[in-house]
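Below is one structure, written out as structure tokens; comments come after it.
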Amino acid sequence: MTKSRDNPLMDFGDSVFTNRDALSESYEPDRLLERDEEINEYAAALRPVVEGDTPDNIMVYGTTGAGKTAVTRYMAEMTDEACENNGNVLSIAELNCNEMSAFKVVRTLVNMLRDDGEKNFPARGLSTRDALDALYEEIDSHKGTFLLILDEIDHIENIDTLLYDLSRSQSTGRLEDTKVGIIGISNDYTFRDVLSAKTKGSFAEIEIDFKPYTADELESILSDRATVAFADGAISTEAIRLCAALSAQDSGNARQGLDILRAAGKTADDQNDDAVTVEHIREAQGKIERGNLKKRIGNLTVQQRHILHALALLEADEKTPARTKEIYSLYEQVCDQSSLDPLSTVRSVRDHLDELSMQGFADQITRNEGRSGGKYHVYECSMRSDLVLSTGPRDSY
Ligand SMILES: Nc1ncnc2c1ncn2[C@@H]1O[C@H](COP(=O)(O)OP(=O)(O)O)[C@@H](O)[C@H]1O
Ligand SMILES: [Mg+2]
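Quick note: the sequence shown uses full-length UniProt numbering, first residue 1, plus one each step.
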């Protein structure tokens, strides 16, 4: 077919990407770099599974983007292979528990394990106890060993009773033919603190910590992925190095690094450049930062957004830390400009400032003027004021 002159979809230049999907959330890399120590610890913890003994429970901790999910999936695959080699029966179920109640977790697992065409476990009318009984029935029919991977386990509401029940399923005789091991993954190191004493007692686990990646480690991970995602010579070493350094600052988050690479590649394509440079990385990083901030500001109420805007204006003018009264008078002006009725009392604005401080948008500092002045609070903006001001108080959603 000949190229139609006015078809804009047939007019792109060469892309810097050969496989953009390799930078997406769902891509599973062929190899995992820089995690040998964690992989060895993990392997040792899984040894009883391979040897056909009762599995130990395992808790994996680490910050976002530290490779917990990726390494766990890899370990599941390796365990499966090793068990097959040994002639052990192994089944694995993995579930991301984000925003789920204990009931929903158990119900989802039951439905995952039931064969196609079998009746779904009902969403209403039955209790978590009923769902657990159904789950044990499914698990017990698998025989051998069963590994239950609960990703983002700290997100489960009322996790305590669930873990207590699961970790006692063998001793209480609910499971007869299958040995179950639980692998929990959590961003939250204080996860264990929310468990009751009796659950802590029965859910004895081996803990594996994933440290945040260093800039060097991120550089090797990102370089490796870039060779899959980008065309030969379509990204410079300096660009990858900068991207690694920026993500190392963001608590060593590999996900952040991959997101920046993808956005930078898109920027290069949009500008018809044939390689991703340091400038593209900076631009992409700024865009992502603004996007994240916008999302967070979008979750605030309209009044809170106006208060934050006033605080950012003071910050940009180097007039912070500021007292509530000063913030209030600027806030009135901001409201006036965007035709919003301001809150009528300084006190309600102070309450919102405290709430903004709790949510990490502002910093509250206590001043003490001794006997005469008494105690009062001053506030600073804890986000970059230029980023806050780059969106109007009305238009960030
Ligand atoms: N060691 C590694 N080698 C290659 N890719 C990695 C590595 N660690 C993380 N990644 C990639 O970074 C992203 C985030 O990792 P993930 O396992 O989801 O982090 P977590 O579960 O700790 O938040 C994924 O796309 C993953 O493929
Ligand atoms: Mg994860």
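We put the beta carbon where it would ideally sit given N, CA and C, even for glycine.
By the Cβ rule, the region 350-361 does not count as touching the region 273-283, because fewer than three pairs are nearer than 8 Å. Excluding its 5 nearest sequence neighbours in each direction, T320 has C-beta neighbours in its own chain below 6 Å: L314 and E380, listed in chain order.
For I153, the three-state secondary structure derived from DSSP is helix. Membership of F210 in the beta strand (DSSP E) is indicated by the continuous run E205 to F210.
Annotation: T366 is outside any alpha helix (DSSP H); the continuous beta strand (DSSP E) that includes it extends over A362 to N368. In terms of Cβ geometry, S382 and G360 form a close pair [threshold 8 Å].
Within the chosen limit of 7 Å, ligand 1 reaches the beta carbon of T69 through at least one heavy atom. Annotation: R241 to S220 spans about 9 Å, alpha carbon to alpha carbon. Collapsing the DSSP output to three states places E176 in coil. Judged by the Cβ position, T64 qualifies as a neighbour of ligand 1 at the 7 Å threshold, a heavy atom of the ligand being closer than this. Partner residues in the beta bridge of V276, as assigned by DSSP, are I235.
For I182, the beta-bridge partners assigned by DSSP are L148. For the pair T128 and A93, the CB atoms are not nearer than the 8 Å cut-off. For Y376, the pairing in a beta bridge is given by DSSP as R367. Among the bridge pairs identified by DSSP, S91 is matched with F146. Secondary-structure assignment with DSSP links A322 through a beta bridge to Y379. The DSSP-derived three-state label of F17 is strand. Two segments are said to touch when three or more pairs of C-beta atoms, one from each, lie closer than 8 Å; by this definition the region 132-146 touches the region 175-190.
By the neighbour-count criterion, in which 16 or more other beta carbons inside 10 Å mark a residue as buried, G173 falls on the exposed side. Distance between R367 and I39, taken at the CA atoms: about 50 Å. Secondary structure note for N85: it is in no beta strand (DSSP E), and the uninterrupted alpha helix (DSSP H) holding it is K68 to N86. For Y328, the CB contacts under 6 Å within the same chain, skipping 5 residues up- and downstream, are V346 and V349 in chain order. Each of S357, S390 and L261 was checked against the Cα of N19, and the nearest Cα belongs to L261.
V106 and R5 have their alpha carbons spaced roughly 57 Å apart. Using a cutoff of 7 Å, the CB of D270 does not count as near ligand 2, since none of the ligand's heavy atoms is closer than that. Between the beta-carbon of V71 and that of L32 there is about 6 Å, and that keeps the pair under the 8 Å contact cut.
Under the three-state reduction of DSSP output, S348 falls in the helix class. For E25, the shortest separation between its Cβ and any heavy atom of ligand 1 lies below 7 Å. In this structure, I153 has its CB at a distance of at least 7 Å from all heavy atoms of ligand 2. In the three-state reduction of the DSSP assignment, M59 falls in the strand class, which pools E and B. Under the DSSP assignment, Y164 falls in the alpha helix (DSSP H) whose first and last residues are I159 to S167.
Annotation note: the region 250-318 contains the following uninterrupted alpha helix (DSSP H) runs of length 4 or greater, listed N- to C-terminal: 254-270, 278-298 and 302-316. Set against 7 Å, the gap from the CB of I185 to the closest heavy atom of ligand 2 is smaller. Measuring C-alpha to C-alpha distances from E289 to each of N85, A229, E81 and L246 identifies L246 as the nearest. Nearest to I185 by alpha-carbon distance, out of L150, S251, F203 and I206, is L150.
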